[in-house]
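Before any comments, here is the structure.
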Amino acid sequence: MNDSPTSNTESGQNKIWVVVPQFNEAQNIEMVLKELCQCNFCNCNLNIVAIDDCSTDGTYKISSSFPIVTGRHLLNLGQGAALQTGITYALSQGAEYIVTFDADGQHQVSDIPKLLQPLQQGRADVALGSRFLAGGVAEGIPGMRRLLLRMATIYTKVTTGLKITDTHNGLRAFTAKAAAKIKITQNRMAHASEILSCIAEQKLSIVEVPVHIKYSAQSLKKGQKASNSFNILWESITGILRR
Amino acid sequence: MKLIQPALFFLALLCLITYFRFFRSVLLDRLLSCLLFLVVAIAIVVPDLTTYVANIFGVGRGADLAFYLFALGSFFIHLLLYSKVVRTEVKLSELVRALAIKELEEQERRRKQV
Chain Z
1 MNDSPTSNTE SGQNKIWVVV PQFNEAQNIE MVLKELCQCN FCNCNLNIVA
51 IDDCSTDGTY KISSSFPIVT GRHLLNLGQG AALQTGITYA LSQGAEYIVT
101 FDADGQHQVS DIPKLLQPLQ QGRADVALGS RFLAGGVAEG IPGMRRLLLR
151 MATIYTKVTT GLKITDTHNG LRAFTAKAAA KIKITQNRMA HASEILSCIA
201 EQKLSIVEVP VHIKYSAQSL KKGQKASNSF NILWESITGI LRR
Chain R
244 MKLIQPALFF LALLCLITYF RFFRSVLLDR LLSCLLFLVV AIAIVVPDLT
294 TYVANIFGVG RGADLAFYLF ALGSFFIHLL LYSKVVRTEV KLSELVRALA
344 IKELEEQERR RKQV
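If you read the protein sequences in the order shown, they are chains Z and R.
The numbering of the first sequence is the numbering used here, which starts it at 1 and goes up by one.
The numbering of the second sequence is the numbering used here, which starts it at 244 and goes up by one.
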């Protein structure tokens, strides 16, 4: 039974929206959404919008049973596309802060207030989660993945000038103003690099926050393969044709 | 005249007719395609002319010059086509997004009515 989604419209409190892009996460989505729905930060509930990227394993049906907003792509486009859809919708609903949160169970709900704090204090436009900062945890990360992510930080430094420690972390928070300036056109996994490029181009202020990323055998199996880094690099380079 | 010449001429003419029949009808495009056909037809009918032109550019044979131009032209066309595919993908994404958001807004409207 899908109860009414919670909303802070009437309360006048800060409107925090969590965007959860999902694709074939039937095994994890229930746990993830349960935790998100149960959390209570700053005396207000989170507004949650899950965007299903044309899953074929019943993920959409599961997330529709929660008291959240669940949208669906008619075609599988990619995580980047699902994120942009969720962000666009959250902005249309008057969001003041937007958090992106993965559906595979790697992220911890307890990290959300840590990301929001610098934004609410006005210290930054964007808060990026980092598993490599002091205090951050990358539980169960394979060695090759760690190496590739380190190399990605070098690529980001060269292409955008941004000095950050974790360039492909899906846990991020934006002020509404910052989110409106970011246009994700890379549908697949190169969107992470594109978001950073937009941040640099728009001269948005950023802060990195240590977060806990938990890898599981399943998330590793489904997640990015090391060889895909070449595809991401190619998509990033040819992204110039989208402009 | 060698057999390859009328064969190539016929194929070039077929390409021109196909372009006129199925592709863009913008006048400038048609004029450019006619000009290209003319250059190709002259090169086919008077092959020694290509060698003369190639020598001007420091290239030994007309066929080599034709190959270089063909390679560059092909690369350029591939780039244009890839760019078009990417732009089509962007438009498709925007369409899928608009449909998803429309469905969400409809859900919200129904929720408020309840």
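Backbone N, C-alpha and C fix where the C-beta goes; we use that ideal spot for every residue, glycine too.
Here the structure is a predicted model, which means the values were calculated and not measured.
Check                                                                                                                                                                                                      : Outcome
Within the stretch 119 to 175 of chain Z, note down every full alpha helix (DSSP H) run reaching 4 residues or more, in order along the chain.                                                             : 143 to 160
Excluding the five sequence neighbours on either side, which residues of its own chain have a C-beta within less than 7 Å of the C-beta of residue 153 (chain Z), listed in chain order?                   : 164, 165 and 167
Establish whether the CB of residue 51 (chain Z) and some CB of chain R are separated by less than 8 Å.                                                                                                    : yes
So, helix, strand or coil for residue 330 (chain R), using DSSP?                                                                                                                                           : helix
Determine, using beta carbons only, whether residue 51 (chain Z) and residue 18 (chain Z) come nearer to each other than 8 Å.                                                                              : no
Residue ranges of each beta strand (DSSP E) run of no fewer than 3 residues wholly in the stretch 92 to 121 of chain Z, ordered along the chain?                                                           : 97 to 100
What in chain R is Cβ-close to residue 89 (chain Z), meaning under 7 Å?                                                                                                                                    : 344 and 347
With a threshold of 16 other CB atoms inside 10 Å of the CB of residue 16 (chain Z), please say whether the residue is buried or exposed.                                                                  : buried
Going by DSSP in three states, residue 177 (chain Z) sits in which element: helix, strand or coil?                                                                                                         : helix
Take every Cβ of the stretch 136 to 151 of chain Z, pair it with every Cβ of the stretch 185 to 198 of chain Z, and state whether three or more of those distances are shorter than 8 Å.                   : no
Identify, in the order they occur along the chain, each residue of the same chain with its Cβ nearer than 7 Å to the Cβ of residue 294 (chain R), setting aside the five sequence neighbours on each side. : 304 and 305
Could you tell me which residues DSSP pairs with residue 69 (chain Z) in its beta bridges?                                                                                                                 : Z:49
List, in chain order, every chain R residue whose beta-carbon is nearer than 9 Å to that of residue 81 (chain Z).                                                                                          : 336, 339 and 340
For the stretch 57 to 75 of chain Z, enumerate the residues whose C-beta is nearer than 9 Å to any C-beta of chain R, in chain order.                                                                      : 69, 70, 71, 72, 73, 74 and 75
Give a yes or no on whether the C-beta atoms belonging to residue 39 (chain Z) and residue 137 (chain Z) are separated by under 8 Å.                                                                       : no
Going by other Cβ atoms of all chains shown within 10 Å of its Cβ, with 16 needed for buried, is residue 21 (chain Z) buried or exposed?                                                                   : buried
Using a threshold of 8 Å, state whether the C-beta atoms of residue 85 (chain Z) and residue 344 (chain R) are closer than that.                                                                           : yes
Looking at residue 32 (chain Z): is its Cβ nearer than 8 Å to the Cβ of residue 103 (chain Z)?                                                                                                             : yes
Rounded to a whole number of angstroms, what is the C-alpha to C-alpha distance between residue 282 (chain R) and residue 300 (chain R)?                                                                   : 17 Å
Which chain R residues sit within Cβ distance under 7 Å of residue 77 (chain Z)?                                                                                                                           : 336 and 339
Quick check on residue 22 (chain Z): does DSSP put it in helix, strand or coil?                                                                                                                            : strand
With 16 other CB atoms within 10 Å as the buried threshold, where does residue 107 (chain Z) fall?                                                                                                         : buried
Taking Cβ positions only, does residue 85 (chain Z) come closer than 8 Å to chain R?                                                                                                                       : yes
Hey, would you say residue 59 (chain Z) sits closer than 8 Å to residue 25 (chain Z), going by beta carbons?                                                                                               : yes
Let's test the definition: count the other Cβ atoms within 10 Å of the Cβ of residue 77 (chain Z) and tell me whether it reaches 16, buried, or not, exposed.                                              : buried
From this set, Z:101, Z:128 and Z:96, which residue's C-alpha is nearest residue 120 (chain Z)'s C-alpha?                                                                                                  : Z:96
At 4 residues or longer, what runs of the alpha helix (DSSP H) sit wholly inside the stretch 279 to 316 of chain R?                                                                                        : 290 to 299
State the CB to CB distance for the pair residue 124 (chain Z) and residue 207 (chain Z), rounded to an integer number of angstroms; the pair is presumed to be in contact (CB under 8 Å).                 : 4 Å
Can you tell which of R:287, R:267, R:328 and R:338 has the C-alpha that lies nearest to the C-alpha of residue 245 (chain R)?                                                                             : R:287
Got a sec? Which residues, its chain only, sit under 6 Å from residue 251 (chain R) by beta carbon, not counting five neighbours each side?                                                                : 287
Have a look at the DSSP bridge pairing and note the partners of residue 17 (chain Z).                                                                                                                      : Z:47 and Z:98
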